[in-house]
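Asker: Let me begin by handing over the structure; questions about it come next.
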Amino acid sequence: MGRLPTYHPMLAQLGTLPPPAQHHLWSAEMKWDGVRGLAYVEAGALRLMSRNSKDVTLAYPELYPMAGAVGGRDVVLDGEIVAFDDAGRPSFGALAPRMHQRSPAKVAELVKAVPVTYMIFDVLHVDDRSVVRLPYDERRELLERLVTPGFRWQTPVSFRGDPRAALDASRALGLEGVVVKRRDSHYRPGRRGPEWTKVKNFSHIEVVIGGWKPGAGRRGGRIGSLLLGAYDQGGRLLYVGHVGTGFTDAMLEALHQELAPLERPGSPFGVPVPREYARDARWVEPRLVGEVRYAELTGDGRLRHPSWRGLRPDREPAEVRIGDLFSGHPAGRSGRSPGDTVAG
DNA sequence: TTCCGACAGTGGGGTCGCAAT
DNA sequence: ATTGCGACCCCACTATCGGAA
């Protein structure tokens with residue numbers, strides 16, 4: 026049998042849950058926060074490829090035995106490589122050191138510290154046959170017959186029925202969200218479309234603008250990003266990250282107008298902002314409050330995947346407390362609005 | 001005509017490796 | 001030894017354009 030063809034992973038589009046009348050057309054899977062990987066099992070050997078078709082096999086030796094768990098077939102599988110933290114939740118941060126590591130000795134250390142699990146959710150090819158034209162339901166059935174779950178790999182369940190229940194479960198489990206997939210859809214390699222829709226559990230916070238960085242390219246001469254802060258118990262303005270997306274051109278212009286008269290020579294932050302950010306920063310009096318949507322906080326207390334929602338002129342900067350980031354906002358009541366997760 | 005998909009280009013938090021300082 | 005930078009990972013988002021509806 027011939028060499029396996031190369032596939033590019035199909036991507037999900039960010040969106041909202043389908044309306045209830047269409048629930049029977051969709052299936053929901055938990056969204057695993059890790060790195061995408063296509064697994065090529067050929068002649069009993071595993072090859073793992075990243076989203077951009079880089080060979081990352083050497084970084085994940087604990088997955089090699091998976092080659093013996095597909096009934097001796099040559100297959101191409103699609104899934105997510107995930108590292109779990111002590112609480113049993115997927116942790117991108119715990120996975121990060123592995124992603125670029127190729128040195129066998131260092132990899133071995135990392136495997137021992139934080140082993141990964143391959144969450145398999147699709148099958149693209151079996152022996153000489155591409156199965157991407159099979160509908161999702163049939164590929165799932167094939168996948169579950171094909172793969173024998175192991176300690177370091179599994180085929181997590183696909184939920185039928187009300188996807189809202191799956192989304193609620195994802196939130197309760199501290200997961201990123203769900204991916205809903207059309208049960209009659211083909212696998213479209215390398216494409217991003219609504220037949221795979223990711224629905225995420227976002228949080229919202231209010232932040233104080235403490236400065237901004239000039240942009241580049243078409244953002245040249247304008248705001249590139251905003252430096253954000255929140256006050257701690259001692260009244261110090263702590264740096265919580267940047268936001269550089271979510272603005273329309275008009276919003277950028279309006280912000281520029283509002284920030285210009287607030288400019289000041291030194292940083293308003295009560296603790297040093299990392300040098301690489303402070304270098305070309307323009308500081309402002311911390312008077313403006315805005316709202317930011319984000320996926321989660323990093324280990325350093327920075328916003329991950331932040332996006333700007335708009336100014337909050339109704340808020341006082343002094344009300345913006347860092348404590349709101351770490352407590353008092355359990356996942357689930359952290360300011361989600363219905364529009365985030367439910368189709369309108 | 002309007003709408004949608006794909007793309008390019010901006011921005012974020014990270015890690016690692018390597019060249020320049 | 002430190003710093004800067006690009007290559008990879010994760011990603012959100014806006015603006016644009018051409019073709020589908």
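Once you know that position 97 of the first sequence is 122 in my numbering, the rest is easy, because the numbers rise by one and skip nothing. Yeah, the Cβ is synthetic: ideal placement off N, Cα and C, and Gly gets one too.
With 16 as the cutoff for other CB atoms within 10 Å, does D147 come out buried or exposed?
Answerer: D147 is buried by the Cβ-count criterion.
Asker: Could you check if L120 is buried or exposed, using at least 16 other CB atoms within 10 Å of its CB as the buried criterion?
Answerer: Under this definition L120 is a buried residue.
Asker: Between W51 and the rest of its own chain, which residues show a CB-CB distance below 8 Å, the 5 nearest in sequence each way excluded?
Answerer: Cβ neighbours of W51 beyond the five flanking positions: P43, P188, V205, K206, R207 and R208.
Asker: Starting from K223, follow the beta strand (DSSP E) in both directions and report where the run begins and ends.
Answerer: It spans R217 to K225 - the beta strand (DSSP E) in which K223 sits, taken as one unbroken run.
Asker: Can you give the Cα-Cα distance for V95 and R127, rounded to whole angstroms?
Answerer: Computed Cα separation, rounded: 26 Å.
Asker: Please name the residue or residues paired with W51 in a DSSP beta bridge.
Answerer: Answer is R207, bridged to W51.
Asker: Mind the definition here: the segment 69–89 touches the segment 223–232 only if three or more C-beta pairs lie below 8 Å; say whether that holds.
Answerer: No: fewer than three Cβ pairs fall under 8 Å.
Asker: Please state whether the Cβ-Cβ distance between L284 and V268 is less than 8 Å.
Answerer: Cβ atoms of L284 and V268: not closer than 8 Å.
Asker: Using a Cβ-Cβ cutoff of less than 7 Å, which residues in the same chain neighbour S250 once the five nearest sequence positions on both sides are dropped?
Answerer: Excluding sequence neighbours, S250 sits near W237, K238, H267, V268 and G269.
Asker: According to DSSP, L252 sits in a beta bridge with which residue or residues?
Answerer: Note: L252 sits in a beta bridge opposite G236 and H267.
Asker: Keeping to the same chain, check which residues put their C-beta closer than 6 Å to that of A108; ignore five residues upstream and five downstream.
Answerer: The residues are S116, A119, L120, V139 and V141.
Asker: Would you report the Cα separation of R16 and K137, rounded to the nearest angstrom?
Answerer: What the structure shows of the chain is the stretch from 26 to 369, and residue 16 is not part of that stretch, so it cannot be assessed.
Asker: From the DSSP secondary-structure annotation, give me the bridge partner or partners of Y85.
Answerer: Beta-bridge pairing links Y85 to no other residue.
Asker: Roughly how many whole angstroms lie between the Cα atoms of E316 and G348?
Answerer: If you take the alpha carbons of E316 and G348, they lie about 16 Å apart.
Asker: Specify the secondary structure class of G175 as computed by DSSP and reduced to three states.
Answerer: G175 falls in the coil class under three-state DSSP.
Asker: My output table needs one value for F146: the three-state DSSP class, helix, strand or coil.
Answerer: Looking at F146 - three-state DSSP - the assignment turns out to be strand.
Asker: What's the call for S78, buried or exposed, on a 16-neighbour Cβ count within 10 Å?
Answerer: By the 10 Å Cβ count, S78 comes out exposed.
Asker: Is it true that the CB of R247 sits closer than 8 Å to the CB of L277?
Answerer: Cβ distance < 8 Å, so L277 and R247 count as in contact.
Asker: What does DSSP give as the partner residue(s) for L39 in the beta ladder?
Answerer: BP columns for L39 point to K223.
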